[in-house]
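**Q** Following this message is one structure expressed as structure tokens.
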Amino acid sequence: MSTEEYDDAPLDVAVVGGSLAGCATAIHFGTMGYRVAVFEKKATPDAYHKQLCTHFVQPHTVPLLAPLGLAHLREPSRSVATKAVFVTPGGVVETPGTGYDPELPDSYALNLERRVLDPAIRESARRHGVRFVEATAVEGLARDDSGWTLETRGESGDPRRYRARLVVAADGRRSRLAGLLGNEAESRPNERAALFGYFRGIPAPADNRSVFVMNDRDLACSYPLVDGRTELVLFAEKSRVEGWRGADGRMQEFLKYFDGLPDAPPVTDAVPEGPLLGYGDYPSLIRRPVAGSVPFVGDAALSLDAMSGVGCGFALLSAQLLAHAFAGRALDAEGVRDGLDDYRQRFEKTVLPHAEGICGDSLVDKDEATRQRMFETICGNPELSQKYLALTGRMVLPAEFQRAFMRGLMARGSGAARK
Ligand SMILES: Cc1cc2nc3c(=O)[nH]c(=O)nc-3n(C[C@H](O)[C@H](O)[C@H](O)COP(=O)(O)OP(=O)(O)OC[C@H]3O[C@@H](n4cnc5c(N)ncnc54)[C@H](O)[C@@H]3O)c2cc1C
1 MSTEEYDDAP LDVAVVGGSL AGCATAIHFG TMGYRVAVFE KKATPDAYHK
51 QLCTHFVQPH TVPLLAPLGL AHLREPSRSV ATKAVFVTPG GVVETPGTGY
101 DPELPDSYAL NLERRVLDPA IRESARRHGV RFVEATAVEG LARDDSGWTL
151 ETRGESGDPR RYRARLVVAA DGRRSRLAGL LGNEAESRPN ERAALFGYFR
201 GIPAPADNRS VFVMNDRDLA CSYPLVDGRT ELVLFAEKSR VEGWRGADGR
251 MQEFLKYFDG LPDAPPVTDA VPEGPLLGYG DYPSLIRRPV AGSVPFVGDA
301 ALSLDAMSGV GCGFALLSAQ LLAHAFAGRA LDAEGVRDGL DDYRQRFEKT
351 VLPHAEGICG DSLVDKDEAT RQRMFETICG NPELSQKYLA LTGRMVLPAE
401 FQRAFMRGLM ARGSGAARK
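Below you can see the structure in the form of structure tokens.
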């Protein structure tokens, strides 16, 4: 095929999807000197941002911001530096200091709203020389010996074709590319619904802690935001919220729920900024990180129960793993093959191990007595409390926490035996 049949000069990397994973991938490959374009099916005016997100950016993600040109998002005018406190059936999991790692005071999480993050990452992508092809959906893909042809359709309905040496799927949990390439998702049940909203009049806890209350089989979260606002989020058994009908009735029941919680910030003077948002069903979806010579990043690869608060971080992390896997390689057949293999291994080692525990937590029917004993062990042991927080912040792998937990159990057992 001659190049005249295409609508543009050939690209090195075509990234499909212009949200967090897509923009992060594009910035990394742009930084490496490649000619990169992002294809985003929606129109993205400057203020455009994702609505269905609760903005908790885990501590492992925060160091990933600077290489993306986003270090300024840590400033207090743009986000709130925070650390989780868990109120559990076995006590309160809390550690001293501002950092998740006691040695590192700035190893904190961020409440970084998508209205800030999304425009900033798109702007950074443009600053890094990435071409942003918005309001353009990728609808088809074909591969030959020298790369890919992408079939796209813009708002006007006109089809356009582009050439690229590498295509990256960053097109979210309903990934069209996964459908085209036969990368079927393994779906894991999520037995909770989610409701969330933004409020004024709720005092921020000391040190701007984000408070997570495990109540019955639900998780009620409160996140301090910039400008003295607070976000309240409830992940609840579906049957509990199904009966909360009508916008006003739902808001009343929602606030009544938070009002009755122990250790949560008081909501007596809470004033909603708008209606509640949320979902009724949100199964976790797990796909292969590489399919048909296309790497999958972000939700396109792994979209887990939002209660875990890992999606934004894993979007940025998978983009970084992909870039590291391709660093120093040519985008010829051998370089792409080796880069993809390297990415798959990095993803399977770094990201995937978190999925099993998160999917387990999505089920509500747990043995409460065992759960209570587990949290009593964690709360009674400062080292274990720190490891638990580090696990929820995805700073350590589940296996490291499990080893520490077994040591904690043995120490507790031998302590009890001595008494
Ligand atoms: C209620 C809720 C709360 C959440 N809270 C948190 C939280 O507190 N912390 C956290 O870390 N994560 C959270 N998440 C998860 C987080 O929002 C996602 O994991 C994250 O946005 C994934 O980013 P992404 O770039 O991979 O995918 P997406 O943000 O889904 O972006 C995919 C993009 O691809 C585009 N696209 C799709 N198909 C095509 C196509 N054919 N051609 C071109 N473009 C296409 C879409 O328009 C979209 O812009 C939450 C999710 C939900 C639902």
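Per full-length UniProt numbering, the very first residue in the sequence shown carries number 1; after that it's consecutive.
The C-beta atom is built at its ideal place from N, Cα and C for all residues, glycine as well.
1) Of the choices T54, G30, D46, Y34, whose alpha-carbon is the least far from that of D305?
2) So residue 429 is in the alpha helix (DSSP H); what residue range does that whole segment cover?
3) Hey, would you say G90 sits closer than 8 Å to E400, going by beta carbons?
4) Count the other CB atoms, across all protein chains shown, that sit within 10 Å of the CB of L317; report buried if there are 16 or more and exposed otherwise.
5) Put M1 into one of helix, strand or coil per three-state DSSP.
6) Cα separation between S2 and Y162?
7) Whole angstroms are fine: how far does the CA of E94 sit from the CA of G380?
8) Which whole-angstrom value is the C-beta distance of G172 and S19, which I expect to be below 8 Å?
9) Looking at the secondary structure, which residues open and close the beta strand (DSSP E) in which Y343 lies?
10) If you count every other CB in all the chains shown that lies within 10 Å of the CB of K387, and 16 or more means buried, which is it?
11) Use the C-beta contact count for R287: other C-beta atoms within 10 angstroms, 16 or more gives buried, fewer gives exposed.
12) Is D144 helix, strand or coil when you go by DSSP?
13) Considering Cα atoms alone, identify which of V364, M374, I358 is closest to L397.
14) Could you say if the region 366-373 and the region 192-200 meet the contact criterion of at least three C-beta pairs nearer than 8 Å?
15) Please check the pair F296 and A169, which I expect to be a contact at CB under 8 Å, by giving their CB distance rounded to whole angstroms.
16) Take P289 and list the residues in its own chain whose beta-carbon comes closer than 6 Å to its own, dropping the five residues that flank it on each side.
17) Between E4 and S77, what straight-line distance do the alpha-carbon atoms span, to the nearest angstrom?
18) Name the residue from D342, D207, T350, V16 whose alpha carbon lies nearest to the alpha carbon of A164.
19) On the CB-based measure, 16 or more other CB atoms within 10 Å of its CB, does Q402 come out buried or exposed?
20) Are the CB atoms of F314 and V351 within a distance shorter than 8 Å?
21) With DSSP collapsed to three states, give me the class of T310.
**A** Let me lay it out:
1) The residue labelled residue 305 in the question sits at position 305 within the sequence shown. Of the candidates T54, G30, D46, Y34, the one whose C-alpha sits nearest the C-alpha of D305 is T54.
2) The question about residue 429 has no answer here: the residues shown for the chain are numbered 1 through 419.
3) Working through the sequence shown from its first residue, we reach residue 90 at position 90. Working through the sequence shown from its first residue, we reach residue 400 at position 400. If you check the CB distance, G90 and E400 do not come in under 8 Å.
4) Taking the sequence shown and counting its residues from 1, one reaches residue 317 at position 317. So L317 ends up on the buried side.
5) Counting from 1 along the sequence shown, the entry for residue 1 is found at position 1. For M1, the predicted structure reports a pLDDT of 40, less than 50, and the residue's modelled location is therefore unreliable. A value from the coordinates is still provided. DSSP, reduced to helix, strand and coil, places M1 outside both helices and strands of the structure shown, so it counts as coil.
6) Taking the first residue of the sequence shown as 1, we reach residue 2 at position 2. Taking the first residue of the sequence shown as 1, we reach residue 162 at position 162. Because the pLDDT of S2 is 40, which lies under 50, any placement of that residue in the model is unreliable, and the number read from its coordinates should be weighed accordingly. When rounded, the separation of the alpha-carbon atoms in S2 and Y162 is 12 Å.
7) Numbered from its first residue, the sequence shown carries residue 380 at position 380. Numbered from its first residue, the sequence shown carries residue 94 at position 94. G380 and E94: Cα-Cα distance of roughly 11 Å.
8) Here residue 172 refers to the residue found at position 172 of the sequence shown. Here residue 19 refers to the residue found at position 19 of the sequence shown. So it is a contact: roughly 7 Å between Cβ atoms.
9) Working through the sequence shown from its first residue, we reach residue 343 at position 343. Not the beta strand (DSSP E): Y343 falls in the alpha helix (DSSP H), residues 333-350.
10) The sequence position of residue 387 within the sequence shown is 387, counting from 1. Burial state of K387 is buried, judged by a 10 Å Cβ sphere holding 16 or more other Cβ atoms.
11) Mapped onto the sequence shown, residue 287 falls at position 287. The residue in question, R287, is buried, as its Cβ has 16 or more Cβ neighbours within 10 Å.
12) On the sequence shown, residue 144 is found 144 positions in, with the first residue counted as 1. Residue state for D144 is assigned as strand, using DSSP reduced to three classes.
13) Along the sequence shown, one-based indexing puts residue 397 at 397. Of V364, M374, I358, the residue nearest in Cα terms is I358.
14) In this structure the region 366-373 does not lie against the region 192-200, because fewer than three pairs of beta carbons, one per stretch, are closer than 8 Å.
15) The residue labelled residue 296 in the question sits at position 296 within the sequence shown. The residue labelled residue 169 in the question sits at position 169 within the sequence shown. Their Cβ separation, rounded to whole angstroms, is 5 Å, which keeps F296 and A169 in contact under 8 Å.
16) One-based indexing of the sequence shown puts residue 289 at position 289. Counting only Cβ-Cβ distances below 6 Å, and skipping sequence neighbours, we find F296, A301, R344, F347.
17) Translated into the one-based positions of the sequence shown, residue 4 becomes position 4. Translated into the one-based positions of the sequence shown, residue 77 becomes position 77. Low confidence applies here, because E4 scores a pLDDT of 45, under 50, leaving its location unreliable and the question unanswered by this model.
18) By 1-based counting over the sequence shown, the position of residue 164 is 164. When only C-alpha atoms are compared, the closest one is V16.
19) Counted from its first residue, the sequence shown places residue 402 at position 402. Result: exposed.
20) For the purposes of this step, residue 351 is identified with residue 351 of the sequence shown, where counting begins at 1. For the purposes of this step, residue 314 is identified with residue 314 of the sequence shown, where counting begins at 1. With contacts defined as CB atoms closer than 8 Å, V351 and F314 qualify as a contacting pair.
21) As a working note, residue 310 is residue 310 in the sequence shown. Note that residue 310 is Val in the sequence shown, not Thr. Residue state, collapsed to three classes: coil.
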